[in-house]
Structures are given as C-alpha cells and as structure tokens.
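First residue of the sequence shown? That's 29 in this note's numbering, and the numbers climb one at a time after it.
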Amino acid sequence: MYRAIAKNKRNTVFIILLFLVIIGGLGYFASWYFGDPSITIITLVIAIAYAVFQYFAASSQALSLSGAVQIQKADNPRLYRIVENLSITTGMPMPKVYIINDPAPNAFATGRDPEHASVAATTGLLELMTDAELEGVMAHEIGHVQNYDIRVSMIVFGLVVAVGLISDIALRFTLFGGNRNNNNGGNPIMLIVGLAALIIAPLVATVVQAAVSRQREYLADATGSLTTRHPDALASALEKLAAYSRPMRKQNTTMAHMWISDPTKPGIMDKLFSTHPPIAERVKRLGEIGRTF
29 MYRAIAKNKR NTVFIILLFL VIIGGLGYFA SWYFGDPSIT IITLVIAIAY
79 AVFQYFAASS QALSLSGAVQ IQKADNPRLY RIVENLSITT GMPMPKVYII
129 NDPAPNAFAT GRDPEHASVA ATTGLLELMT DAELEGVMAH EIGHVQNYDI
179 RVSMIVFGLV VAVGLISDIA LRFTLFGGNR NNNNGGNPIM LIVGLAALII
229 APLVATVVQA AVSRQREYLA DATGSLTTRH PDALASALEK LAAYSRPMRK
279 QNTTMAHMWI SDPTKPGIMD KLFSTHPPIA ERVKRLGEIG RTF
C-alpha cells in the first residue's frame, strides 16, 4: 500500500512534467508564429498558476457542482458511522461527509490530501445498497484519499483544462488573427505541424487523464477491499451500479472522472476516452482479490 502511495506521488510529478512539456510546446509554437519569445514564458506561467488555483479550489468546486450538502452524524447516522469506522480502521483523519439529493446511485471523494478530504454519496446510492455494499463503496472512496488519488486527479484536471484553453486561444489567433511576424507564414512545414499540435494536444491531454483515472479506479477497488476484507461486497455494489445506473441530475463532464460510476452515460465515441474501466473487469479483479484472502 505504501508503495502505491509513493507511486502516485511520483506519478503526480511525471504528469505535471508531461503537461508542462505539452503546454511549453504550444507556447513555443505561438512564440514562433507571432514572433514574440515571451509568449512561451507567459503561457507556462498562466498554466501553472491555473493548476495551482485548481489544486486549492477544485474540491469546493466539485462539491458545489454536484449539489452536495455536508451532514453530521445526526443527519444520517448510517452513512456517517460507516465513514467514521473506515477512518478509524485506516488510521486516517475523518473526512467531511456529504449527501447529494439525486436518485442516481453514485459517490465520489475529493480534496488535496487526507487532512482536507471529503466524501459524498447520493440518496440513490443510500437507498439501493445494503450496509455491506455501502461500506464497500465508501471504502473505495476512502481508498482514493489514502492513495492520494484525489491530489493526482485535481492536478490532472487543472492541467487538462489549461491545455484545452491555451490550444483553443492559440488556434483562434492562428486561424483568424493573421500572422504577426510578417514573414508570410515562415516555414510552411512548421506552420502545419504547429496547427496539428494545437488540435491534437487537447486530445492527448484527455487520453492521459482517462488512462490515469482508470488506473486510479482499479487501485481504489483493491485498497477498499483490503480495508473491509470483503471484496465481494464491493463487487456486488458495482454490479448494482451497472444495473441501476442513470444520468445524474447535475451532470458535469469536467468532474465525471471523480465518481465511482460514470454519471454521464457516455456514447460509443465517448467511451474511447472513458475515465472508468469496464465494471465487468473491475468485478473480475475483485473476485481474484477475494480468492487471495
């Protein structure tokens, strides 16, 4: 488990470097095209500043976007005690607990570290799950906190948005703003490569985000199972999520990767960039984990 946490911390650094290379490349093309070397530096500074802002603000944004309402033990003793017991079992600080008034069964965790974490569950999840299944789901979410997945998720989210924003602005200026370096387009090959990069960069960033998120889900499943020693309960909960899944009332694609089950009901093309691995594969892996206990 400690190796997994250390790996996630290393992955955070690698992911940041990867996105900085992508963003730096976009800035370099803009600098070449407009004849202003300072654009590269400005682009990197803006991207880093935005990522830092998201690091501290994304948690409250996600809770607000989902319509989550914080509760205390008296408001919902069942959910609160399950989270409280899991926190004691794992030796982690008690996260803030939220409920979302939505019939779609789902849950997510957010926060930048275990000391600033929150977990949320929908009313649909509470109604659908048995106590053991609900414990499995919340153990999965606590697993995200344990493994520092929530930190990786927020940093990746901030950088993906930054890449998309910078690419969009640069592409619009390139296509409609005219060439500012007055060299009749300069090297046409460089121009073609740059335009292709502006279009492809957001797709690459999204693919990286999806790949990271899928591995996070597998790891959180394993972590939650080790905590409860009952992987079959989480497997049963996942099967119910697959059977009774429905779109969330407040859908937001920017935080779709945070939920235990994709809340947007993606189409065929969207599944190519899905942030969630197939539930059948997750259930299969949980079965393998159960046989090792």
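Note that beta-carbon positions come from the ideal geometry of N, C-alpha and C, so glycine has one too.
- If you draw a 10 Å sphere on the C-beta of Glu155, you find fewer than 16 other C-beta atoms in it, and that means exposed.
- Counted as a single uninterrupted DSSP element, the alpha helix (DSSP H) harbouring Lys268 occupies residues Pro259 to Tyr272.
- The DSSP-derived three-state label of Ala132 is coil.
- DSSP lists no beta-bridge partner residue for Gly119.
- Under the DSSP assignment, Thr150 falls in the beta strand (DSSP E) whose first and last residues are Ala145 to Thr150.
- Closest in alpha carbon position to Thr71, among Ile228, Ile288, Ala190 and Ala284, is Ala190.
- Apart from sequence neighbours up to five positions away, the residues of its chain that approach Met276 with a beta-carbon distance below 7 Å are Asp130, Ala132, Asn134 and Pro291, ordered along the chain.
- Of the residues assessed, Glu245 falls on the buried side of the cut-off, its CB having 16 or more other CB atoms within 10 angstroms.
- Under the 10 Å beta carbon count, Thr256 is surrounded by 16 or more other beta carbons and is classified as buried.
- Across the structure, Leu247 and Gly63 are spaced so that their CA atoms are roughly 46 Å apart.
- When only Cα atoms are considered, Arg310 and Asp196 end up about 36 Å apart.
- When rounded, the separation of the alpha-carbon atoms in Val80 and Leu54 is 20 Å.
- Distance from the CA of Ser115 to the CA of Leu45, rounded to the nearest whole angstrom, comes to 33 Å.
- Judged by DSSP secondary structure, Gln100 falls outside any beta strand (DSSP E); it is assigned neither H nor E.
- Per the C-alpha coordinates, the member of His258, Ala86, Gly139 and Ala284 positioned closest to Ala160 is His258.
- Proximity to Thr117 across Ser66, Met166 and Leu187 peaks at Met166, based on C-alpha coordinates.
- CA-CA distance, Gln174 to Ile228, rounds to 34 Å.
- Within the model, the alpha-carbon separation for Ile110 versus Leu91 is close to 20 Å.
- The C-beta distance from Ile288 to Phe185 rounds to 17 Å, too long to meet the 8 Å contact threshold.
- Taking 8 Å as the cut-off, the Cβ atoms of Leu314 and Ser253 count as close.
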